[in-house]
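Asker: Numbering (UniProt numbering), first residue to last: 1 to 346. Here it is, the structure, as structure tokens.
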Amino acid sequence: MFTVYSEEHALHAGGAELSAGVLVPCYDAPSRAEMILARVRSAGLGPVVAPEDHGRGPIERVHSPRFLEFLSTAWEQWQACGYHEAALPSIWPGRHLRAVEPDNIAGKLGYYCFDASTPLVAGSFRAAYAAAQVALSAAARLASQGARRERAAFALCRPPGHHAASDLYGGYCFLNNAAIAAQALRDVGAARVAVLDVDYHHGNGTQAIFYDRPDVLFLSLHGDPRTEFPFFLGHADERGAGEGDGYNVNYPLPRGSGFGAWSEALEDACRRIERYAPDALVISLGVDSYKDDPICSFRLESADFTTYGRRIAQLRRPTLFVMEGGYAVEQIGINAVNVLQGFEEA
Ligand code: SP5
Ligand code: ZN
């Protein structure tokens, strides 16, 4: 399988996140992407190429211009206040407040960012932009005609994307790489695209982006938001709105779920995808469902990742894998590449 990777992910580094009342080094460290790349190479998965630059156009199909303007200038605005540490919000437009965009950077951070675990540093926007280009370049391979066309591709994105909505970032995500790629596939002729999100956390950003649309089916397997991050979206009764009614499917699973419950949900999701008959499939590939993940509670074994990669291949659709979460850094490469190898075997 073809992998797209950019070294620019490493520009997003050095930040700290608020966890249990203290600032701790970010779980989304550059070593995550480096470990996956090393495994792609040692497993002989296939060629690794750098992304092409598709520009801001395809990003603007998903994210609002004001949001992009904010993200691309936030570090300068933060620094202009004399701050040198990573930018984190500390106030939000919660219930009974008004979500009007303030002028002050401290207020803007709370307006555009939903948590205190997503520090923005000098290189964050460039890294996020590069990750979006990685996803777009991999998507272009699925869509291209002739010899360059691939049955599947792996976008080795970092930072991840599925928590980012059109004008909101958080959960280690700035730009929604999977949504940008899904929209790009629509724009080059795929009439229907399915996005299957297997990250431990609900893909709240992707859900929000496509919630009222029938042309992108979104399905997500995740820790129940009653107990798990991001807490405020991902319930089973969120089924889409308007023309999109019926095209959003959530599988919230209890803390501690193992591969039995998880693969039952996957089977239901796969049957729905078969009925939808999409022209392309995007997998939001988080491997934080692994048993030893430091911030998650599912119990998948490394071999289970191979098993479910095979099941995804049986859908027989042009498939784009987009890297999302996974924080057991020592095993992250093995688990991610197991999915891709399972897919290739089938
Ligand atoms: C893409 C992705 O997987 N984003 C996940 C963001 C989760 N951020 C919240 C982490 C809360 C960490 N709490 C740590 C407790 C460790 N005992
Ligand atoms: Zn996750």
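Positions of the beta carbon are idealized from the N, C-alpha and C atoms, including for glycine.
1) Go through its chain and collect everything with a Cβ distance to G46's Cβ below 7 Å, but skip five positions before and after it.
2) Using the rule of at least 16 other Cβ atoms within 10 Å of the residue's Cβ for burial, across every protein chain shown, is A236 buried or exposed?
3) So, L196 versus A269, is the Cβ gap smaller than 9 Å?
4) C157 by DSSP, collapsed to three states: which one?
5) Give me, in chain order, the residues of the same chain whose beta-carbon lies closer than 8 Å to that of L315; leave out the 5 immediate sequence neighbours on both sides.
6) Alpha carbon to alpha carbon, what distance is there between G21 and W78?
7) Using a Cβ-Cβ cut-off of 7 Å (strictly less than) and excluding sequence neighbours within five positions of D115, which residues of its own chain qualify?
8) Assign F232 to buried or exposed, taking buried as 16 or more other Cβ atoms, counted over all protein chains shown, within 10 Å of its Cβ.
9) Would you kindly check if the distance between the Cβ of P278 and the Cβ of A143 is under 9 Å?
10) Output the residue ranges of the alpha helix (DSSP H) runs that lie fully inside the stretch 121-159 and measure 4 residues or longer, sorted by chain position.
11) Would you tell me roughly how many angstroms separate the C-alpha atoms of S166 and G342, rounded to the nearest one?
12) Measure the C-alpha to C-alpha separation of H202 and Y251 and round it to an integer number of angstroms.
13) What is the DSSP secondary structure of C113, counted as helix, strand or coil?
14) Near the ligand COA, which residues have their beta-carbon closer than 5 Å to a heavy atom?
15) Is A155 near A179, with beta carbons less than 9 Å apart?
16) Pull up the distance between the alpha-carbon of K108 and that of E101, whole angstroms please.
17) Quick one: is Y83 buried, meaning 16 or more other Cβ sit within 10 Å of its Cβ, or exposed?
18) Could you name the residues of the same chain whose beta carbon sits closer than 8 Å to that of R61, not counting the 5 residues immediately before and after it, in chain order?
Answerer: Quick look at the numbers:
1) Counting only Cβ-Cβ distances below 7 Å, and skipping sequence neighbours, we find M1, F2 and T3.
2) Within 10 angstroms of the beta-carbon of A236 lie fewer than 16 other beta-carbons, which makes it exposed.
3) Yes, the Cβ-Cβ distance between L196 and A269 is below 9 Å.
4) DSSP places C157 in the coil class of the three-state scheme, outside both helix and strand.
5) Same-chain partners within the cutoff: C270, I273, E274 and L281.
6) When rounded, the distance between both Cα atoms is 23 Å.
7) Answer for D115: G170 and G171, listed in chain order.
8) Here F232 is exposed: its Cβ has fewer than 16 other Cβ atoms, across all protein chains shown, within 10 Å.
9) Taking the C-beta atoms as reference points, P278 is found no nearer than 9 Å to A143.
10) Correct list: 124-143.
11) About 33 Å.
12) Cα-Cα distance, rounded: 9 Å.
13) Residue state, collapsed to three classes: strand.
14) Looking at this structure, you won't find the ligand COA anywhere; what it does contain is the ligand SP5 and the ligand ZN.
15) Contact: no.
16) Per the coordinates, the alpha-carbon of K108 lies some 6 Å from the alpha-carbon of E101.
17) Classification for Y83: exposed.
18) Excluding the 5 residues flanking it on each side, R61 has same chain C-beta neighbours closer than 8 Å at I180, Q183, A184 and D187, in chain order.
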